[in-house]
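Below is one structure, written out as structure tokens; comments come after it.
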Amino acid sequence: MQHRIRLRAWTLLSVALLIAAWLILTWGGLVRDLFLPPPDELWDGFVDLATDGYRNRTLLEHVEASLWRIGAGFATGTVVGTLLGLAMGYWRPVEALFAPFVEFLRPLPQLAYLMLLIIWLGIGETSKIILLFLAALPVSAVAARDGVRNVRLQSILVARSLGASEWQVFRHVVLPSALPEIFAGARIAIGVVYGTLIAAEIIAGSSGIGWMILDAGRFLRSDYVFVGILSIGLMGLALNGALVALEARIVHWAGR
Amino acid sequence: MTTIDMSANRRTLLKAGLGLGGAALLGTIPRRARAAGPDKINIAFFTETSPSAIAKGNGWIEDVTKAKINWIEVGSGAEINTAVAAGSVDLGIGIGSAPTAAGLSQGIGYQVVYIRDNIGPAEELTVRTAANIKKPSDLIGKKVATPFGSTSHFRLLGFLKTNGLTQHQVTVLDLRPDALVAAWQRGDIDAAYVWAPAKSKLLAAGGEVFRTYDKLEAAGYVIADLIVARTAFAQQYPETLVEILKAENRALDVWTSTPDKAADIIAKQAGVTPEVARADLLEYDFVAPKRQLEPKWLGTPGHPGRFAEVLQSTAKFLAEQKSIRSVPDLAVFQKGINTAPLGQALV
Chain W
85 MQHRIRLRAW
95 TLLSVALLIA
105 AWLILTWGGL
115 VRDLFLPPPD
125 ELWDGFVDLA
135 TDGYRNRTLL
145 EHVEASLWRI
155 GAGFATGTVV
165 GTLLGLAMGY
175 WRPVEALFAP
185 FVEFLRPLPQ
195 LAYLMLLIIW
205 LGIGETSKII
215 LLFLAALPVS
225 AVAARDGVRN
235 VRLQSILVAR
245 SLGASEWQVF
255 RHVVLPSALP
265 EIFAGARIAI
275 GVVYGTLIAA
285 EIIAGSSGIG
295 WMILDAGRFL
305 RSDYVFVGIL
315 SIGLMGLALN
325 GALVALEARI
335 VHWAGR
Chain P
-14 MTTIDMSANR
-4 RTLLKAGLGL
6 GGAALLGTIP
16 RRARAAGPDK
26 INIAFFTETS
36 PSAIAKGNGW
46 IEDVTKAKIN
56 WIEVGSGAEI
66 NTAVAAGSVD
76 LGIGIGSAPT
86 AAGLSQGIGY
96 QVVYIRDNIG
106 PAEELTVRTA
116 ANIKKPSDLI
126 GKKVATPFGS
136 TSHFRLLGFL
146 KTNGLTQHQV
156 TVLDLRPDAL
166 VAAWQRGDID
176 AAYVWAPAKS
186 KLLAAGGEVF
196 RTYDKLEAAG
206 YVIADLIVAR
216 TAFAQQYPET
226 LVEILKAENR
236 ALDVWTSTPD
246 KAADIIAKQA
256 GVTPEVARAD
266 LLEYDFVAPK
276 RQLEPKWLGT
286 PGHPGRFAEV
296 LQSTAKFLAE
306 QKSIRSVPDL
316 AVFQKGINTA
326 PLGQALV
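Residue numbers (this note's numbering), protein chains in the order written: chain W, 85 to 340; chain P, -14 to 332.
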């Protein structure tokens, strides 16, 4: 317990040091606001964005637009990816069918095929969500497949010898054993989706926190850029926290 | 307020730094201190149909500066602003007046040293013929795309404003020129405000010109393409800058005296056919170097021209759009124009 308190103190110290450096650099006049906005300008920028908004939308509306895209892309991508991965892990022919595509797609930078998605699917929400979907899918597919692969053969054999049907083996042995890896995959996937968000919002933006950062950056409005980065960072922490909480509830037995 | 205070602060620091550097240089190698040009120059450029492409394509800049030129292709003036702020670009060729007004307002350390062209009808609203857009109010409920932060964006917003249209009535979308052409071909957008060669492609794919430029120019929405030089670079290497501007003038001469030859060279650089290049070039009003020094444009040292006012009114508009925080005094824009190198280039 005491150890934990001491570690907390270290964390607080590092954050405090960073803020102190920021104050000294900006209020001390060592760095221009163009490069690093001082706290008061950042606060003004935040109030401005929250009340008046950026290009006809308030900060909250931009956050909502982004969360909706992330949610839709992540949900569809991980559900389809996990189902595919489970099937790939359990039935070899399925693996043989899909592995080349999943493995090819996984390391591919999303910006590489951004233009194609615009031509095929247009500049609306579809192309943005598909881009995020394609980012999440291979990550969760690979995680689920590896999860299934790591199930102890012994457990499956025991279940079978006790007379379990194929479905029962899958439902009561394979799936629970693979769950921890599926969750780990989901957390990696949310990171990838998050990283792809800015690329997705390059497409004909007029909303979204990623687009706002890009557009404000064009005019070197570093106050808005910083507010955007802080919002996107806190959103990321919240999303990751939610996934961790969900994981702790569903697979509370993992790692024991 | 802090912006101005701090930029003054930094400028003094910069001067002190330059002074120290200069002194060090004088102390060690006095003979080379004045005549020596830079070893390497970072020049940002656009792929576009303009006489600048002749100077670049013929290797004139390399010849006159005897330096290694690092050509950096950019897609927007905003990229030039960022790069100059970071000190990675010395010269920006073809930067638009809108990003320049933003840059000078934010205290980016560069100067306008040349007006290459008055954009005029070269950037214009293009509408889909099938969408039957004949008057401004026909745009209500339609999607109009433009690259945000550009001179075209500035004109489009000016067009909406002067016609009493809001961005709730007309959807304005942010698309880079290449993506814009793709969206147009899919039928996702009905109108676009953009420059060539993207504009020519829209016209070829069922588009027609919706003339806005003459009224907008009369209302003060003048847009131009400029050459900016990083202030520290211009102070350190004035002779080099003069030589580069001479090369630019020579390139303009090639276009005015032998348009066909010029169109051929420029077409190769821009990746279009000579016919397209020629048609695009004809839409620009390239400002002859002597005209640039008239009061209507840049003016002369000590007698700043009216272009400073154009930059300031552009900045006012950008501040209304919240693209920039505040608009400095006219004097800041006047100081942001340095006509000495062009004057010397014409001697």
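Idealized CB from N, CA, C, for every residue including glycine.
Residue range 306 to 334 is occupied by the alpha helix (DSSP H) that includes V311 (chain W).
Here the alpha carbons of F30 (chain P) and W56 (chain P) stand approximately 7 Å from one another.
Straight-line measurement puts the Cα of G321 (chain P) at about 20 Å from the Cα of Y206 (chain P).
Under a 10 Å Cβ-count criterion, W175 (chain W) is classified as exposed, with fewer than 16 other Cβ atoms of the shown protein chains found around its own Cβ. Straight-line spacing of the CA atoms in L109 (chain W) and E125 (chain W) works out to 14 Å.
Annotation: Cβ neighbours of S290 (chain W) in chain P (cutoff 8 Å, chain order): T156, V157, L158, D159. When 9 Å is used as the limit between beta carbons, L281 (chain W) is near no residue of chain P, the shortest such separation being about 16 Å. Sequence-distant Cβ neighbours of F130 (chain W) in its own chain, meaning closer than 7 Å and more than five residues away, are V311. In the assembly as shown, I282 (chain W) is a buried residue. Its beta-carbon has 16 or more other beta-carbons within 10 Å. Around the beta carbon of K212 (chain W), a 10 Å sphere encloses 16 or more other beta carbons of the protein chains shown; the residue is thus reported as buried.
In its chain, beyond the 5 residues on either side, Y99, I100, L283, T324, L327 have a beta carbon closer than 8 Å to the beta carbon of Q277 (chain P). With a contact defined as Cβ atoms closer than 8 Å, F182 (chain W) and L168 (chain W) qualify at about 6 Å. Beyond the five residues adjoining it in sequence on each side, A225 (chain W) comes within less than 6 Å, by CB distance, of G165, L168, G169, V186 in the same chain, given in chain order. A check of alpha carbon separations from G172 (chain P) across P:V157, P:P289, P:Y178, P:G191 identifies P:G191 as the nearest. Shortest Cα-Cα distance from L315 (chain P) to any of P:I309, P:Q297, P:L331, P:A304 involves P:Q297. Beta-carbon to beta-carbon, S90 (chain P) and A293 (chain P) are separated by about 12 Å, too far to satisfy the 8 Å threshold. Separation of V99 (chain W) and N27 (chain P) (C-alpha to C-alpha, rounded to the nearest whole angstrom) is 38 Å. Taking CB atoms only, I202 (chain W) has a neighbour in chain P less than 8 Å away.
Taking 8 Å as the CB threshold, F133 (chain P) lines the interface with chain W. Within the DSSP secondary-structure output, H288 (chain P) pairs in a beta bridge with P:T285. Collapsing the DSSP output to three states places A176 (chain P) in a strand. Residues of the stretch 301 to 326 of chain P with a C-beta less than 9 Å from any C-beta of chain W: L303, Q306, K307, S308, I309, R310, listed in chain order. Contact between F119 (chain W) and G161 (chain W) does not hold, since the beta-carbon distance rounds to 37 Å and is not under 8 Å. For D128 (chain W), the enclosing alpha helix (DSSP H) has its first and last residue at 123 to 135.
In the three-state scheme derived from DSSP, where H, G and I count as helix and E and B as strand, T136 (chain P) is classed as helix. Where V213 (chain P) is concerned, there is no enclosing alpha helix (DSSP H), although the beta strand (DSSP E) around it starts and stops at 209 to 215. If you draw a straight line from the Cα of Q319 (chain P) to the Cα of K41 (chain P), it comes to about 29 Å.
Against chain P, the CB of F303 (chain W) has a partner CB under 8 Å away; the residue lies at that interface.
Put simply, the CB of S137 (chain P) is far from chain W, with every gap to its CB atoms at 8 Å or more. Contacts with chain W at 8 Å (Cβ-Cβ) include R171 (chain P). R141 (chain W) and G88 (chain P) have their C-alpha atoms spaced approximately 25 Å apart.
In this chain, the beta strand (DSSP E) harbouring I100 (chain P) covers 95 to 103.
Between the alpha carbons of Q221 (chain P) and R302 (chain W) lies a distance of about 28 Å. Only Q91, G92, I93 from the stretch 91 to 108 of chain P bring a Cβ to less than 8 Å from some Cβ of chain W. Here K186 (chain P) is buried: its Cβ has 16 or more other Cβ atoms, across all protein chains shown, within 10 Å. In chain order, R302 make up the part of chain W whose C-beta sits under 9 Å from the C-beta of S61 (chain P).
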